[in-house]
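Student:
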Amino acid sequence: MTVKEIIAIESANTSSINLFKEGIFWRIYEKSAYFFTKKVKDLKVLKKFYKIVNCEVVYAGFPDTILSQIQVLCQSKNLKFEKYNEKQYSISGF
């Protein structure tokens, strides 16, 4: 998924966390990064300027090896953890 597509998804996002698989990491962007660090697990949030969208984009991430731990953590907080496809998950129920 491209940065443009992710920004479009995040600009319409109002109450969920979108996780995107990139290589061996899961990335969380913009509003999702904010929701994730406040509601699920504290992560280091970074920002990077992307020429393609002409702005800084906020993101955080974690390795694929701890995805199952994140899922268990979400379930313990009564959050809904849904799989869209092999490269995208959603967390909701705040």
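Under numbering that gives the first Met the number 0, the sequence shown has 28 at position 29, and the numbering climbs by one with no breaks.
Every residue, glycine too, gets a C-beta built ideally from N, C-alpha and C.
How is residue 57 classed by DSSP in three states: helix, strand or coil?
Tutor: Three-state DSSP puts residue 57 in a strand.
Student: Just the Cα atoms here: how many angstroms apart are residue 46 and residue 56?
Tutor: 5 Å
Student: Can you say whether residue 59 is buried or exposed, counting buried as having 16 or more other CB atoms within 10 angstroms of its CB?
Tutor: Counting of Cβ neighbours within 10 angstroms places residue 59 among the buried residues, the total reaching 16 or more.
Student: Among the candidates 75, 82, 66, whose CA atom is the shortest distance from the CA of residue 93?
Tutor: 75
Student: I need the straight-line Cα distance from residue 15 to residue 44, nearest angstrom please.
Tutor: 17 Å
Student: Do residue 35 and residue 42 count as a contact pair if the criterion is CB distance below 8 Å?
Tutor: Yes.
Student: Short check: CB of residue 65 to CB of residue 78, under 8 Å?
Tutor: no
Student: Taking the straight line between their C-alpha atoms, what separation do you get for residue 87 and residue 68?
Tutor: 16 Å
Student: How about residue 17 and residue 9: are their beta carbons less than 8 Å apart?
Tutor: Residue 17 places its beta carbon less than 8 Å from that of residue 9.
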